[in-house]
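S.K.: Sharing a structure here in structure tokens format.
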DNA sequence: CCGACGGGTTGACATATATCAATTGATTTG
DNA sequence: CAAATCAATTGATATATGTCAACCCGTCGG
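Chains as they are written, first to last, in our numbering: chain A, 37 to 268; chain B, 37 to 268.
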């Protein structure tokens, strides 16, 4: 593993505070690999042998049932995924596939569990990370159960806008069919939802979004920190 | 706090393995209180000063947005709620109200965080509990995004049946309007959904459910451990 | 006993969302 | 360049779900 990557991983909240030698021994068992786009990294139901870290590229977490499929989340550098399965030594609940050419680090789950017991800073970081993940899913569930698809899209755009720096115009960070799945609707419906937001000053050209009337859109979307603020 | 309650709480997965004196000091700051039915214990958005434990009775976790409300989960004895907010020292994402006369133990959040650092067995238990909670929400989200309301009801009935011992007839454990909210539908729709399951051998009399054709219902519901199995 | 109340149900209807088919437009590929 | 491909869009239509109003039927308190 190149030194720069090693340092990037070290800087993750999950690893930043732990003892040097614990981090080193965690990394000793780890390996890093490049994957092309559209490769299925893990499949739901399989045992969770490795904690995964996206070093570069991006990964889609999705689930299937009865022939249907839905996107649950997107993982971007640098962060981990399937931490909960690793901790519980339980089967993956979601599958993961690369969205683009990606570099993934794999840390044996048993090493993570062992170092957890040995390093209380690491333990605290894992707990914080898990609590964060839990709260994110709760927010997503509130979004799904309390809002219509039009409201979900409106709030998604406001979040994305803020994430992109807050300017009136910004880019969607993934293709619309995946956005539709993340928001819990069909691509056709997303297309109509964008039109439905035109009266509130939203215009779309390809992946470029422009919010021409911030106040109007916010009045419609009614964003709420207890749903839309990812940092708390 | 009576001795029997003290021992019951001690037996919780969360506290079972921790050192005696740590448990004692955790309980020293705690207090237990009786609440009547329909009392709002916590309100979303407020700071999370206490970890809550339902000793007896039951508690509804719910959320609101823009005048709408939805039930997120029901907490029954003996288990904790809002662990994640306590750990992160962040605002509650959900409100909680007693469904019936209930006895609730309250442990100051800062004590939980302090003992976490001092007791690695407690730390591990918290991580396991949080991972469990996280996975439960992921399952709930898959249920919501991948299934129709009829399918959700069918699978709920199968889960409830198993929970009740597996017999052909069993009782719903809460009122239908709340069940509707938990399943993400209106009471009217739930009523129709029950009718929609009649062809699969489901009959309903008040809160009593009878599954007359197990195989038929399962063929329709297609239960899946990665969504419906709460233990993994 | 009566009447108020609340949960549950039902029917009629409105709205939201999905589905299917066809088209466009951009990109890739031979 | 032309054919093939695929995401995105659009229109027509079907299905799912919500809303509103009415009603039923227990329970509870006067």
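Using N, Cα and C, we set each Cβ at its ideal position, and we do this for glycine too.
Source: prediction; values computed, not measured.
#1: Please list the residues of the stretch 130-150 of chain B that have a C-beta atom closer than 8 Å to any C-beta atom in chain A, keeping them in chain order.
#2: Just to confirm before moving on: does the CB-CB distance between residue 209 of chain B and residue 263 of chain B stay below 7 Å?
#3: Does the Cβ-Cβ distance between residue 79 of chain B and residue 131 of chain B come in under 7 Å?
#4: Under 7 Å Cβ-Cβ, which residues of chain A neighbour residue 166 of chain B?
#5: Please list the partners that residue 106 of chain A has in chain B, where partner means a Cβ-to-Cβ separation under 7 Å.
#6: Taking the C-alpha atoms as reference points, what is the distance between residue 275 of chain B and residue 43 of chain B?
#7: With 9 Å as the C-beta to C-beta threshold (strictly closer), list the residues of the stretch 250-266 of chain B near chain A in chain order.
#8: Got a sec? Which residues, its chain only, sit under 8 Å from residue 253 of chain B by beta carbon, not counting five neighbours each side?
#9: In three-state DSSP terms, what is residue 205 of chain B?
#10: Any chance the stretch 104-113 of chain B sits against the stretch 168-186 of chain A, with 3 or more Cβ pairs inside 8 Å?
#11: Can you say whether residue 49 of chain B is buried or exposed, counting buried as having 16 or more other CB atoms within 10 angstroms of its CB?
#12: For residue 197 of chain A, does the count of other Cβ atoms within 10 angstroms reach 16, so buried, or fall short, so exposed?
#13: If we require 3 or more residues per run, which beta strand (DSSP E) segments fall completely within the stretch 98-158 of chain A?
#14: Alpha carbon to alpha carbon, how far is residue 68 of chain B from residue 139 of chain B?
#15: Which runs of the beta strand (DSSP E), 3 residues or longer, sit entirely within the stretch 181-248 of chain B?
#16: So the alpha helix (DSSP H) residue 51 of chain B belongs to, where does it begin and stop?
#17: Flag this pair as yes or no: are the beta carbons of residue 41 of chain A and residue 93 of chain A separated by less than 7 Å?
#18: Which residues mark the beginning and the end of the alpha helix (DSSP H) in which residue 58 of chain A is found?
#19: Per DSSP, residue 96 of chain A is paired with what?
#20: Using DSSP's beta-bridge definition, name the partner residues of residue 67 of chain B.
#21: Under the rule that 16 or more other beta-carbon atoms within 10 Å means buried, what is residue 88 of chain A, buried or exposed?
#22: Identify each residue in the stretch 76-93 of chain B for which the Cβ-Cβ distance to at least one residue of chain A is less than 9 Å, and report them in chain order.
#23: Which residues bound the beta strand (DSSP E) around residue 76 of chain A?
#24: Is the Cβ of residue 246 of chain B closer than 7 Å to any Cβ of chain A?
#25: Identify the continuous alpha helix (DSSP H) that holds residue 73 of chain B and give its terminal residues.
#26: For the structure I just gave you, are there three or more beta carbon pairs, one from the stretch 115-123 of chain B and one from the stretch 152-167 of chain B, closer than 8 Å?
#27: Where does residue 242 of chain B land, buried or exposed, given buried means 16+ other C-beta within 10 angstroms?
#28: Select from B/218, B/215, B/118 and B/260 the residue whose C-alpha is nearest the C-alpha of residue 99 of chain A.
#29: How big is the Cα-Cα spacing for residue 129 of chain B and residue 221 of chain B?
M.R.: So, from the data block:
#1: 130
#2: no
#3: yes
#4: 163, 166, 167 and 170
#5: 181 and 182
#6: In the structure as shown, chain B starts at 37 and stops at 268, and residue 275 of chain B therefore has no counterpart that could be examined.
#7: 258, 260, 261, 262 and 263
#8: 190, 193, 194, 233, 236, 237, 238 and 247
#9: strand
#10: yes
#11: exposed
#12: buried
#13: 104-111, 115-117, 131-134 and 138-144
#14: 7 Å
#15: 205-207, 238-241 and 244-247
#16: 49-52
#17: no
#18: 56-64
#19: A/110 and A/133
#20: B/142
#21: buried
#22: 80 and 81
#23: 76-78
#24: no
#25: Run containing residue 73 of chain B: none; DSSP gives neither H nor E here.
#26: yes
#27: exposed
#28: B/260
#29: 21 Å
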